Each structure stands twice: as structure tokens, then as C-alpha cells.
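Asks: Going by the working numbering, the first residue of the sequence shown is number 223, and it counts up by one from there.
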Amino acid sequence: MKTLFVDQLTVIDFSYLHHERGLLGESWLVDCELTGELNDEGMLFDFGHVKKTIKHFIDDFADHKLLIAKQTPNLGIAESIESTELHWHNNGKLLKTKAPNDAYLVIDTDKIEVDIVSDHLESEIKKLLPPNVSNIKLHLYPEVLTDSFYHYSHGLKKHDGNCQRIAHGHRSPIQIFKNQIRDKALEKKWANLFNDIYIGTREDIEFTDTEIDKTLCTKFSYQAPQGYFELTMNQDQVYIMDTDTTVEWIADHIALSLKHLHPESDFKVKAFEGYRKGSIAQY
Numbered sequence: 223m224k225t226l227f228v229d230q231l232t233v234i235d236f237s238y239l240h241h242e243r244g245l246l247g248e249s250w251l252v253d254c255e256l257t258g259e260l261n262d263e264g265m266l267f268d269f270g271h272v273k274k275t276i277k278h279f280i281d282d283f284a285d286h287k288l289l290i291a292k293q294t295p296n297l298g299i300a301e302s303i304e305s306t307e308l309h310w311h312n313n314g315k316l317l318k319t320k321a322p323n324d325a326y327l328v329i330d331t332d333k334i335e336v337d338i339v340s341d342h343l344e345s346e347i348k349k350l351l352p353p354n355v356s357n358i359k360l361h362l363y364p365e366v367l368t369d370s371f372y373h374y375s376h377g378l379k380k381h382d383g384n385c386q387r388i389a390h391g392h393r394s395p396i397q398i399f400k401n402q403i404r405d406k407a408l409e410k411k412w413a414n415l416f417n418d419i420y421i422g423t424r425e426d427i428e429f430t431d432t433e434i435d436k437t438l439c440t441k442f443s444y445q446a447p448q449g450y451f452e453l454t455m456n457q458d459q460v461y462i463m464d465t466d467t468t469v470e471w472i473a474d475h476i477a478l479s480l481k482h483l484h485p486e487s488d489f490k491v492k493a494f495e496g497y498r499k500g501s502i503a504q505y
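1) With respect to the alpha helix (DSSP H) encompassing Asp282, which residues constitute its N-terminal and C-terminal limits?
2) I'd like to check one pair, Lys224 with Glu259: are the Cβ atoms closer than 8 angstroms?
3) Do you know whose CA, among His240, Val252, Gly500 and Gln293, lies nearest Gln397's CA?
4) What's the call for Tyr363, buried or exposed, on a 16-neighbour Cβ count within 10 Å?
5) What residue does the alpha helix (DSSP H) around Ala477 start on, and which one ends it?
6) Could you tell me whether any non-hydrogen atom of the ligand GTP is closer than 7 angstroms to the CB of Arg498?
7) Looking at the strands, I want to know which residues DSSP matches up with His376.
8) Opposite His309 in the DSSP bridges: which residues?
9) Quick check on Val339: does DSSP put it in helix, strand or coil?
10) Can you tell me whether Ser370 is helix, strand or coil according to DSSP?
11) Measuring alpha carbon to alpha carbon, tell me which of Ile334, Asn357 and Glu335 ends up nearest Ser345.
12) Can you give me the start and stop residues for the alpha helix (DSSP H) that Asn456 sits inside?
13) Drop a sphere of 10 angstroms on the beta-carbon of Leu251, count the other beta-carbons inside from all chains shown, and report buried for 16 or more, exposed for fewer.
14) Evaluate contact between the region 437 to 445 and the region 307 to 320, counting only Cβ atoms and requiring at least three cross-stretch pairs below 8 angstroms.
15) So for Gln402, helix, strand or coil by DSSP?
16) I believe Val233 touches Leu289 by the beta-carbon criterion, under 8 angstroms. Please report the beta-carbon distance rounded to the nearest angstrom.
17) Checking 8 angstroms against the spacing of the C-beta atoms, do Lys277 and Leu231 come in under that value?
18) To the nearest angstrom, how far is it from the Cα of Tyr505 to the Cα of His240?
19) Over the uninterrupted beta strand (DSSP E) stretch that includes Thr257, give me the two end residues.
20) Alpha carbon to alpha carbon, what distance is there between Cys254 and Asp337?
21) Among the candidates Thr423, His484 and Gly377, whose CA atom is the shortest distance from the CA of Lys287?
22) For Ser487, count neighbouring Cβ atoms within 10 angstroms of its own Cβ and tell me buried if that reaches 16, exposed if not.
23) What span of residues does the beta strand (DSSP E) with Met463 cover, start to end?
24) For Gly270, count the other beta carbons within 10 Å of its own beta carbon; 16 or more makes it buried, fewer makes it exposed. Which is it?
Have a look at this one:
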């Protein structure tokens, strides 16, 4: 038996329903191992096919989706031919969504964890592999971060790809420089402000400061190329921007906010969108 590996084959940027914290954005790196016998070419599986088959499947199956554990307590799911609606409420946290079916990955489990998602992906990918490959093992894991970071979710209705899905997200570090010197206190402040947050665009608000199930909520909705999307959640987990919520605008928003508070200083903000990508803004 031979084993082939590809480290950091891809990154899954997604959001999921945490059974206590509510909607969370997350980013998991993916390592892959294949085990089996060599084919006539002396290969287990061509590296090019690993990307075309396995990476493509993971990106299509789980990336930029809302992952839902079907057995989450206090969760209701209603599926139709074109869309899925869910309603969850627990200890002052509320989440209601409606979106095309492709915007979700529903797994028959009681919580979303790396091992559970890994097992689910492995069972699906095995169906795509040639006979000489007897097993696949995926290792899903978050980036090791020693400084400030936050979990955020958002949706980009103008995007021509899967970013238009109203509840997808990222686990992101942040770097802030004040007068060319890194300011970790400011980084911690903004990371705390954005932790477990949904960053929404003002023009997408359908209502806010409205009580649902004894919880003050904000609702967003929009029509995008993939279909109609809506999301309602407790407003203490919502941060509103006047612009779209691309990482470019997020970096700009943070830098400009700091400049307004400290006009005598210069700021550079390096805002990440998941793993090793993002935007820089300076004022």
C-alpha cells in the first residue's frame, strides 16, 4: 500500500450554526492523504487530478456555505424544491434564514466539528476515486493564530460567485499600525468588536430593533444572481456598514474610523479574509 499526501490542498471559508454561540464564520485548511495501490503509470493518483477532483469537490460541496447540524436542539428546517428555511432560537440567540438549497450543507449530526465534517466529506469523495485508491483521509483545521482574530459572517449580493450567499464567513486575524508601529491593543479592541459578528450592509436591512421570540432582531434580505436570500438574527451580533461588506471595504471602514478618532495619527489596517488573503487600507 502506498500513501500520497497534499498539504493545504484548499481552504474552506464558511459559516455554521453553533449550538450555543449562534452564527459563526470559520476558515479551515484542508490536508489530504490517499492510500492504495499504484496504477499502470506508477502513480497512486495524479496530483493534477487531486486538484481537479478532490479540491473541486470540496470547494463546491462545502466552501462559502452555511453548515447546519440537523440535530441541533431548537432547530427547525423546512426544505422545498428551490429553497431551504431554518429557524433556531436558544438562550437569547436567534437565527432565521431563507436561501437557495445550494447555500447550505446540512449534516445529520448534533454539532459542526472538524472530525464530523471531515468524515462527511471523505464518504462523499470516496465515490469519485478510481479503484486503486482504497482510502482517503482529510485533516481539517483552523490556522494557528497567536494574535487577535475574529469570526465574522457576511453576504455580498453583487458578487458573481458564491460570496453572494448571505451567510458565509471567515476566521480572520487583523493587524493595525498606528504611526508605522503595530498597535496590538487596537487589534484586540476591533477583534472583540467583530467577534462572532454578522457584518451587514445598511441598504439590505428589511427591519431592525424588532422583537421576535423575545429577542431584538435585525433582518437582511436581497435578490442576487443565485436567488433570493434573507437572514434574521439577534441584533447584538450585527454590525452595520454603509457600504458593501467586502474585505476591501471592511479594511477601509476600520482605518477611517480610527482616523476620525485620532486625526493626528496615521493608520494602516491589514484586514484578513480567512487564510493569508485580505486588504490593506491607509489613512
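Glycine is no exception: its CB is placed at the ideal position from the N, C-alpha and C atoms.
Computed from a predicted structure; not experimentally measured.
Replies: Per the coordinate set shown:
1) Taking the sequence shown and counting its residues from 1, the one referred to as residue 282 is at position 60. Secondary structure note for Asp282: its alpha helix (DSSP H) is the uninterrupted segment His278 to Phe283.
2) As a first step, residue 259 is located in the sequence shown; it is residue number 37 there, counting from the start. As a first step, residue 224 is located in the sequence shown; it is residue number 2 there, counting from the start. Between Glu259 and Lys224, the gap from beta carbon to beta carbon is short of 8 angstroms.
3) Taking the sequence shown and counting its residues from 1, the one referred to as residue 397 is at position 175. Looking at the Cα atoms, Gly500 is the closest of the given residues.
4) Numbered from 1 along the sequence shown, position 141 holds the residue referred to as residue 363. Flag for Tyr363 reads exposed.
5) For the purposes of this step, residue 477 is identified with residue 255 of the sequence shown, where counting begins at 1. DSSP places Ala477 in the uninterrupted alpha helix (DSSP H) bounded by Val469 to Leu483.
6) With respect to the ligand GTP, the structure offers nothing, as it holds no ligand at all.
7) Counted from its first residue, the sequence shown places residue 376 at position 154. His376 has His390 as its beta-bridge partners, per DSSP.
8) Within the sequence shown, residue 309 is the residue found at index 87, counting from 1. His309 is bridged by DSSP to Gly298 and Lys318.
9) Numbered from 1 along the sequence shown, position 117 holds the residue referred to as residue 339. Reduced to three states, the DSSP call for Val339 is helix.
10) Your numbering for residue 370 matches position 148 in the sequence shown. In the three-state DSSP reduction, Ser370 falls in the coil class, being neither helix nor strand.
11) Here the question's residue 345 lines up with position 123 in the sequence shown. The candidate whose alpha carbon is nearest that of Ser345 is Asn357.
12) Position 234 of the sequence shown, counted from the start, is the residue given in the question as residue 456. No alpha helix (DSSP H) holds Asn456; the beta strand (DSSP E) holding it covers Gly449 to Asn456.
13) For the purposes of this step, residue 251 is identified with residue 29 of the sequence shown, where counting begins at 1. By the 10 Å Cβ count, Leu251 comes out buried.
14) Yes: at least three Cβ pairs fall under 8 angstroms.
15) Taking the first residue of the sequence shown as 1, we reach residue 402 at position 180. DSSP places Gln402 in coil when its eight states are reduced to three.
16) Counting from one through the sequence shown, the residue named residue 233 turns up at place 11. Counting from one through the sequence shown, the residue named residue 289 turns up at place 67. Not confirmed; about 15 angstroms, so no contact.
17) Numbered from 1 along the sequence shown, position 55 holds the residue referred to as residue 277. Numbered from 1 along the sequence shown, position 9 holds the residue referred to as residue 231. It is a contact, given that the beta carbons lie within the stated cut-off.
18) One-based indexing of the sequence shown puts residue 505 at position 283. One-based indexing of the sequence shown puts residue 240 at position 18. Rounded to the nearest whole angstrom, the C-alpha separation of Tyr505 and His240 is 36 angstroms.
19) In the sequence shown, the residue the question calls residue 257 occupies position 35. That run of the beta strand (DSSP E) goes Gly244 to Gly258.
20) Along the sequence shown, read from residue 1 onward, the residue named residue 337 stands at position 115. Along the sequence shown, read from residue 1 onward, the residue named residue 254 stands at position 32. The straight-line gap from Cα to Cα measures roughly 13 angstroms.
21) Taking the sequence shown and counting its residues from 1, one reaches residue 287 at position 65. Sorting Thr423, His484 and Gly377 by C-alpha distance to the C-alpha of Lys287 places Gly377 at the top.
22) As a first step, residue 487 is located in the sequence shown; it is residue number 265 there, counting from the start. When all chains shown are included, Ser487 counts as exposed.
23) The residue given as residue 463 occupies position 241 in the sequence shown. Here the beta strand (DSSP E) through Met463 covers Val460 to Met463.
24) Taking the first residue of the sequence shown as position 1, residue 270 is located at position 48. Classification of Gly270: exposed, given that the 10 Å Cβ count is below 16.
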